[in-house]
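Sequential numbering from 63 applies to the sequence shown in my numbering.
Where a beta carbon is used, it is the ideal one built from N, C-alpha and C, also for glycine.
Beneath this line is the structure, given in structure tokens, with notes to follow.
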Amino acid sequence: MMKKTKEGTGLKIVSSLQPEKDLQDKIKNTFPDAAFEFYESMEQAEGALSQAEVFITYGEDLTAAHIESAKKLKWIMVMSAGLELMPLKECEERGILITNARGVHSIPMAEFALGMMLMHEKKAKKLIVNEENEVWDRNIQMGELRGKTMLILGTGAIGSEIARLGKAFGLKTWGINRSGSPVPHIDSLFSLEELDILLPEADFLISVLPSTGETRHLLRMEHFRRMKNSAVFINLGRGDVAGEEILLDVMQKRLISHAYLDVFETEPLEKGHPFWKLDNITVTPHLSSRSAMYLPRSFEIFAHNLHTYIQSGNDYVNKIDPGKGY
Numbered sequence: 063m064m065k066k067t068k069e070g071t072g073l074k075i076v077s078s079l080q081p082e083k084d085l086q087d088k089i090k091n092t093f094p095d096a097a098f099e100f101y102e103s104m105e106q107a108e109g110a111l112s113q114a115e116v117f118i119t120y121g122e123d124l125t126a127a128h129i130e131s132a133k134k135l136k137w138i139m140v141m142s143a144g145l146e147l148m149p150l151k152e153c154e155e156r157g158i159l160i161t162n163a164r165g166v167h168s169i170p171m172a173e174f175a176l177g178m179m180l181m182h183e184k185k186a187k188k189l190i191v192n193e194e195n196e197v198w199d200r201n202i203q204m205g206e207l208r209g210k211t212m213l214i215l216g217t218g219a220i221g222s223e224i225a226r227l228g229k230a231f232g233l234k235t236w237g238i239n240r241s242g243s244p245v246p247h248i249d250s251l252f253s254l255e256e257l258d259i260l261l262p263e264a265d266f267l268i269s270v271l272p273s274t275g276e277t278r279h280l281l282r283m284e285h286f287r288r289m290k291n292s293a294v295f296i297n298l299g300r301g302d303v304a305g306e307e308i309l310l311d312v313m314q315k316r317l318i319s320h321a322y323l324d325v326f327e328t329e330p331l332e333k334g335h336p337f338w339k340l341d342n343i344t345v346t347p348h349l350s351s352r353s354a355m356y357l358p359r360s361f362e363i364f365a366h367n368l369h370t371y372i373q374s375g376n377d378y379v380n381k382i383d384p385g386k387g388y
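Below, the structure is given as structure tokens:
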């Protein structure tokens with residue numbers, strides 16, 4: 063039985079993002095008694111938000127003022143993993159349920175991470191330059207992934223999927239997390255306190271950490287000094303896991319071989335930034351999670367949670383603790 067609002071009308075669900083029509087139709091057909099309103103932006107959705115019980119958003123467009131005006135709002139579905147810009151304090155004060163799309167990034171981001179690793183070992187950037195310049199050079203030294211060690215910071219769904227793909231290439235998979243609980247596809251799990259002793263053994267340091275008080279500027283100069291000169295740093299999580307000035311110093315001194323950076327403290331990365339110029343840094347514009355399957359997977363999570371909400375259940379996927387920010 064479809065849950066009704068106090069006025070007896072259908073559950074009103076407002077979205078500040080507008081998926082393809084076939085995806086809209088699919089979710090509407092799954093919940094025919096709900097009143098869905100899809101908009102292209104928050105600017106367009108603002109008028110309807112005041113009457114919404116459920117709101118779908120990417121999270122970056124929602125402010126404390128919106129929470130104040132949305133008197134009927136009970137649940138926010140954030141169609142991304144990041145919550146840094148969400149008005150969490152105001153949501154907590156109102157007791158508003160928050161869920162997000164954590165995990166939908168795992169497949170594209172894991173493929174992206176392995177793509178960067180393969181690009182590094184197979185010297186893809188050099189090969190492309192040589193092709194463009196019609197250079198036939200068979201003396202380029204290729205590397206392999208097999209037998210190397212990846213150390214993953216953040217062993218949730220994304221980290222686990224990176225490890226799964228890594229194992230298929232014969233990599234040793236190490237992970238660091240807070241809980242110490244076993245993680246699929248991770249050979250060895252460690253605590254953050256053990257980071258210093260692990261870094262000298264890591265060939266690839268991969269961060270998929272969120273931005274929290276604990277993770278901000280987690281990696282310092284002394285950490286990079288402990289790494290192999292041949293080591294590679296890949297950051298797909300958040301740009302503040304290492305201070306940009308420190309990272310720039312690390313790469314200018316060539317303490318490690320290469321950094322593949324998809325995220326930055328300030329985005330977009332400004333023109334003229336030194337990161338663009340260094341030959342041992344590869345810059346990509348925060349797109350490792352991009353996939354044609356992103357929204358379909360996100361709406362699968364939403365559909366599960368909407369069933370739970372209608373039935374007044376507790377089986378929510380990715381329920382957020384606003385006090386902790388995750």
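Per-residue DSSP class, three states only, for residue i
i	result
residue 304	strand
residue 88	helix
residue 220	helix
residue 354	coil
residue 297	strand
residue 322	strand
residue 64	Residue confidence is low: residue 64 scores 36 on pLDDT, short of 50, so the model does not pin down where it sits. No coordinate-derived value is stated.
residue 69	Confidence is the limiting factor: at residue 69 the pLDDT is only 32, short of 50, which leaves the residue's position unreliable, though a coordinate-based value still follows. Of the three classes helix, strand and coil, the one that applies to residue 69 here is coil, per DSSP.
residue 333	coil
residue 364	helix
residue 338	helix
residue 281	strand
residue 74	strand
residue 169	helix
residue 269	strand
residue 380	coil
residue 162	strand
residue 208	coil
Of the listed residues the options, nearest to residue i (C-alpha basis)
i	options	result
residue 144	308, 135, 121 and 248	121
residue 201	209, 208, 192 and 207	192
residue 210	266, 273 and 259	266
residue 180	204, 195, 170 and 197	204
residue 104	301, 330 and 127	127
residue 407	249, 310 and 316	The chain is shown only over 63 to 388; residue 407 falls outside these bounds and no answer can be derived.
residue 362	161, 150, 199 and 109	161
residue 130	147, 155 and 146	155
residue 272	235, 241, 218 and 250	218
residue 232	247, 152, 374 and 97	247
residue 220	270, 241, 208 and 199	270
residue 383	336, 308, 285 and 149	149
residue 352	72, 171, 94 and 81	171
residue 378	109, 91 and 159	159
residue 263	255, 240 and 234	234
residue 385	93, 333 and 152	152
Pair within 8 Å by beta-carbon distance, residue i and residue j
i	j	result
residue 216	residue 157	no
residue 119	residue 79	yes
residue 166	residue 371	no
residue 74	residue 113	yes
residue 245	residue 280	no
residue 387	residue 274	yes
residue 176	residue 111	no
residue 173	residue 206	no
residue 214	residue 224	yes
residue 311	residue 283	yes
residue 250	residue 242	no
residue 76	residue 99	yes
residue 261	residue 236	no
residue 87	residue 72	no
Integer Cβ distance of residue i from residue j, believed to fall under 8 Å
i	j	result
residue 89	residue 117	That belief does not hold up - the Cβ atoms of residue 89 and residue 117 are roughly 14 Å apart, past 8 Å.
residue 133	residue 115	Not a contact, Cβ separation roughly 10 Å.
residue 107	residue 141	That pair is no contact at about 13 Å.
residue 268	residue 212	6 Å
residue 189	residue 358	Residue 189 to residue 358, Cβ: 34 Å. No contact.
Check your understanding: Any contact of the stretch 317 to 333 with the stretch 279 to 298, i.e. 3+ C-beta pairs under 8 Å?
Key -> yes
Point to revise | Three-pair Cβ contact test at 8 Å for the stretch 346 to 365 versus the stretch 322 to 331 | key: yes
Review point. With contact counted as at least three CB pairs below 8 Å, one residue from each stretch, are the stretch 365 to 385 and the stretch 333 to 342 in contact?
Key: no
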